[in-house]
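Top line first, the protein sequences correspond to chains A and B.
Sequential numbering of the first sequence, starting at 1159, is according to the working numbering.
Sequential numbering of the second sequence, starting at 17, is according to the working numbering.
The structure appears below as structure tokens.
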Amino acid sequence: MRDAMANLPIPSRLLATLVILLGALVAPHSANLSPMVVGAFYCAALWRLLALSRPTLIPGRWVLLLLMLGGMATVVFSTGIRDGRLTGTALLVVMVGLKLLELKARRDMHVTIFLGYFLVLTQFLYNQTLGLAIYMFCGVIGLLAVQIGLNRVHIDSRQQLVYTLRVAGGALPLALVIFVLFPRLETPLWGINTASAVTGISGEMTLGNIGELSQSDATAFRVRFDGDVPPPAARYWRGPVLWHTDGRRWTAGRRPVRPEQVEGVSPNAIVYEVTLEPTGEYWLFGLDIVTSTPPSTFLNRDFSLVGDQRVNKRFTYRAASDPDYRVATMTQGERLRGLQLPDEIAPRVSQLVKQWMAESDPDQPLQVVEKALRYFRQQPFVYTLSPGVIEGDPLDTFLFETRRGFCEHYAGSFTQLMRMAGIPARVVVGYQGGEKNPHAEHWVVRQSDAHAWSEVWVPGRGWWRVDPTAAIAPERVERSIDPGLSQDGDEIVFSGDNSGLLRVVWLNARWMADAVDLNWHRWVVGFTAERQQSLLRQYGLSDLQGIGLGIALLIGGLVAVGSVYLISKLPRPRRGDPLPAIWQRLVRKLRRAGLTVDDWQGPDTVCSNAIVRFPDAADQLAAINRMYVKLRYGRQSDRSLVSALYKRVAQLKLR
Amino acid sequence: MSNAALGAVAPPGDGALLRQILDDAGRLIVGKDHALRLALACVLARGHLLIEDVPGVGKTTLAHVMARLLGLDFQRIQFTADLLPADIVGVSIYDREEGRFHFHPGPVFSQLVLADEINRATPKTQSALLEAMEERQVTADGETRELPDPFFVIATQNPRNQIGTFGLPESQLDRFLMRVSLGYPDAAAERQLLDGGDRRVMLKHITPRIDVPTLLAWQNHVDQIHVAPALLDYVQALLAATRNAPHWELGLSPRAGLALLRAARAWAMIDGRPQVVPEDVQAVLPNVAEHRLNNLDPTLKNPVQELIRGVAVP
């Protein structure tokens, strides 16, 4: 059978389908590969399509050899050979194009189809979004359909589609078992990374950079809380801690030393799971203060959470936080760093601080804090995204002249003022707030939630969070900024007033897309070894690894294949006989119109009863009866009559 | 089996001719159209008919009418307690001139035999007729003789509870394709009957509508009526239902199933249809099934109708 098929000519319909299909499968690569490579493929594909009607266009052996050398050269010159992944993909794409040109026998078709499957695989080295997965799934169905068409001589396209969907459906349970149980590689193959990291919080704070971030509504991370959700005012997501300032710029300074070991975690710690969008940085975000760290991360002494590698792809981790945890001791190095000041300080500023110090008890540093906050509150400070350019000494200009600023202005100047008063202080950047997805169980923290605040050292109580922005704009802590409405105006618009139908629809759609996106990541892309283990643990299969996992995989696979086989053996209604369905449709219609129709009544009885009841439709009903009886009980088996009957039943109107 | 062949045995005028036969019969046997139709279907299906009823409702007249209209030669055998098998089959008598036995065929050698009050005869005599019905041949003095074709028996029977009768056993009842009851006519029909002329005189005036070759062709045509797989499904479902029902001693046999199909085919032909539809089966089922089934539950008024209502049409 196989040998007999091997010599049959390839139907040009199938070949054309395959070429177009491969073209569609290569298309997303135009974002990853150089235009020369993708262009070379499309030239070859087009050539093959043209050659379908004019076989003389198919290149000979020598031309093919030249083309192959040309293709290799294209790959090397456009991609180089430094990135194995890029070069490999480019080579595959070009070679699939050339394979189309030398395709002669059915065997070549099979080879090309399998190259097509491989092509699908390479797409996921660059991008793992749900959209691409759906697109590629359609592509795989298409390849399967071509494969089935190739193996069946007499098949119409409807049957071909039905077979394809049946084969794909039958494979689905096995695919699911393999997906869940196949041992996961701890590090992704070839170090997959996503297209680009979203611009987020960076390791330094200059005046204006967080304000810029606040105009972006891109997602920073998503959070699912295990238990109760902390109130908005407690949702400070701690990022990097900045110690060093030159008056304009805040940086982390020397790399902080000695990872922190947390002792005595409170039992009412908040447990949550963060799915962080790629940042390209080391640090992670956790609720202030993280007390239990996820694997392969550690806490610095200043309680900033860092991973052991850059977050270049979406990263999901679980952490626990205790808002009341305090560290009672401070090293000498920390004290020095917490009191560091820029080289030059304007006299007006020194004067102000000296005045505050004179007015308060030196043993009560919180009194100075209070004075500074009162100053921000009482003087005409404005919380704005467009503070204008600050020239000269930033602190002096901001405090006494412009008095317009964003959180980094307030946090930065406040921290410096505290240091001048002899109180160790530092800046923490991160996010504040978050919004719950109304269609899902998770919260979304956006770039527009980026925030900066201060921490001051209070002897006996430890580092103490002070948010000077809250002194100027308390609503910032309660509500998020609406970046869409805040962009041009001077005043910041806080979200919460969502009126207008279009806007509501748009917001809802965005939230739903957000929920789909997170679940796709949680259950598919982010299904790591860790998640696999926690899923297995839920079903009492803890510590299933190595050989145990292999055996489970084998058993699961057998069960999946066996059940598909058994289902396929179940008796099915006689295929290719649509008449009972059409009759049932008529019966439903008659019943809806109020006629009593019993199952034991034959078509003649039913139709004559119906004619008595609905005399207006007598002709229609008589015709339907005639056709149905002819088809169901007569010798007639004309397909066109079946569709005519179907149409008549569909168009039947009963009053 | 081609359609052209069908056209040859069943010319287009048949429907009208069949209706005429029924109309003529209806003029004598007033208000019994359904029973007449069943009787005609029985003839067309090459089956024998059992008419069970009280005396005087027209059983004998029905047999006479059928014979006259279909142009069949007709013999009547009045069954009595002293009737002997030879009275039906015939006897061999020694012919002195020729010097050998000569067979004198009995009344069974005719195309339509009316076996009047069959349950009055002894079982031995009954079985002589019933054997002839099944084999369509009789054996007398070691010699087998073919019965004429067509051969059609109409037996009448008084209900069993009358005195001096021998009820037919189930195996014998199975030989009859259908059992029909005429019943008393309704008021209007009875009035027409009382008002009309003498039936015996009227019978004499009936002229045959068809001849024997036409009847044979029609009988052949019945076999050509199409039975679709879906209809076979239906018949099988009905048979299975009789076998599963608790109120019948025994379900319908495969022979009964074949009989049902033949009767339904003939019914479809009378309706002028080239195929059997479920309604045909439903129309003949009571008369084909009732005498073969022994109802054990006296509370059920109409068990066969219940059966029909219990089986979905596929």
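We treat Cβ as the ideally placed atom computed from N, Cα and C, and that holds for glycine.
Given the structure is predicted, the values throughout are model-derived calculations rather than measurements.
D313/B is bridged by DSSP to nothing; it lacks a bridge partner. Look at the beta carbons and you see the stretch 1396-1416 of chain A touching the stretch 1543-1563 of chain A: at least three pairs across the two are nearer than 8 Å. The beta carbon of L219/B lies closer than 6 Å to those of H80 in the same chain, with the five residues before and after it left out.
In this structure G1300/A touches L1179/A by the C-beta definition: roughly 5 Å separates them, less than 8 Å. For P290/B, the residues of chain A that pass the 7 Å Cβ criterion are G1792, in the order they occur in the chain.
Non-local C-beta neighbours of A61/B in its own chain, meaning closer than 7 Å and more than five positions away in sequence, comprise L193, V238, R278, A279, R281, A282, ordered along the chain. Between the stretch 1170-1190 of chain A and the stretch 1221-1240 of chain A there are fewer than three inter-stretch CB-CB distances shorter than 8 Å, so the stretches are not counted as touching.
What P319/B touches in chain A, judged by beta-carbon distance under 7 Å, is nothing: the nearest beta carbon there is about 14 Å away. Only those residues of the stretch 1747-1760 of chain A whose C-beta falls short of 8 Å from the nearest C-beta of chain B are listed: D1756, D1757, W1758, Q1759, G1760.
In the DSSP assignment, G1570/A falls within the unbroken alpha helix (DSSP H) covering 1565-1578.
Taking the C-beta atoms as reference points, T1175/A is found nearer than 8 Å to V1304/A. Around the beta carbon of Q1809/A, a 10 Å sphere encloses fewer than 16 other beta carbons of the protein chains shown; the residue is thus reported as exposed. Between R1396/A and F1295/A, the C-beta spacing is not below 8 Å. For the stretch 294-308 of chain B, the set of positions with a beta-carbon nearer than 9 Å to some beta-carbon of chain A reads P294, E295, D296, V297, Q298 in chain order. Three or more Cβ pairs drawn from the stretch 114-132 of chain B and the stretch 90-100 of chain B lie within less than 8 Å of each other, which places the two stretches in contact. Taking 7 Å as the upper bound on Cβ-Cβ separation, chain B lies near residues V1787 of the stretch 1770-1789 of chain A.
Inside the stretch 41-96 of chain B, DSSP marks whole alpha helix (DSSP H) runs of 4 or more residues at positions 49-60, 75-86, from first to last along the chain. For a Cβ distance threshold of 7 Å, residue set V293, E295 of chain B lies close to D1762/A, ordered along the chain.
K1471/A counts as buried, since at least 16 other C-beta atoms from the protein chains shown sit within 10 angstroms of its C-beta. Counting along the chain, the unbroken beta strand (DSSP E) around F1379/A starts and ends at 1377-1383.
Close CB contacts of L1799/A within its chain, under the 8 Å cut and outside five residues either way in sequence, are with M1785, K1788, L1789 (chain order). Listed as beta-bridge partners of S1450/A by DSSP are A1478/A. By the 16-neighbour rule on beta-carbons within 10 angstroms, L1215/A is exposed. At the C-beta level, L1812/A and A1775/A come within 8 Å of one another. Three or more beta-carbon pairs separated by less than 8 Å are not found between the stretch 1494-1514 of chain A and the stretch 1598-1606 of chain A, which leaves the two stretches without contact. A contact between stretches requires three or more CB pairs, one per stretch, nearer than 8 Å, and the stretch 1491-1499 of chain A meets this requirement with the stretch 1579-1589 of chain A. Residue state for E1593/A is assigned as strand, using DSSP reduced to three classes. Considering only V1195/A, P1453/A, D1777/A, the residue with the shortest C-alpha distance to R1689/A is P1453/A. With its beta carbon less than 8 Å from one in chain A, R325/B belongs to the interface.
At the C-beta level, I37/B and R225/B come within 8 Å of one another. By the neighbour-count definition (other C-beta atoms within 10 Å, threshold 16), W1741/A is a buried residue. In this structure A1687/A is in contact with R1342/A, their Cβ atoms being roughly 4 Å apart against a cut-off of 8 Å. Between the stretch 1704-1722 of chain A and the stretch 1325-1333 of chain A there are three or more C-beta pairs closer than 8 Å, enough to call the two in contact.
Contacts between A246/B and chain A, judged by CB atoms closer than 7 Å, involve R1790, Y1791 in chain order.
For F1276/A, the enclosing alpha helix (DSSP H) begins and ends at 1264-1281.
Under a criterion of Cβ atoms nearer than 8 Å, the residues of chain A adjacent to V329/B are, in order, D1757, W1758, Q1759, G1760, P1761.
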